[in-house]
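Structure first, commentary second.
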Amino acid sequence: MDYGKSGKGKAAKGAPRFDGHKDAPQGKNARGGAPSKAELLARMKAAQKAETQKDG
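Numbers 1 to 56, taken from full-length UniProt numbering, label the letters of the sequence shown in order.
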């Protein structure tokens, strides 16, 4: 018996298993990329402000 021929076939090489462009969250870039420092700072300040308002 030829055991090399048994089992599942090999997947195509170099082919992505999913389309990453479709999986991006709404409002975000599909390719990722680091946000700028100003954007990060603004987001952190907004989160801190929301947290202080929530605490009362």
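For every residue, glycine included, the Cβ atom is placed at its ideal position computed from N, Cα and C.
Over the uninterrupted alpha helix (DSSP H) stretch that includes residue 17, give me the two end residues. Counting along the chain, residue 17 falls outside any alpha helix (DSSP H), and DSSP gives it neither H nor E.
Looking only at its own chain, which residues have a Cβ that is under 8 angstroms from the Cβ of residue 51, when we skip the five neighbours before and after it? none
Considering residue 48, what are the terminal residues of the alpha helix (DSSP H) in which it resides? 37–55
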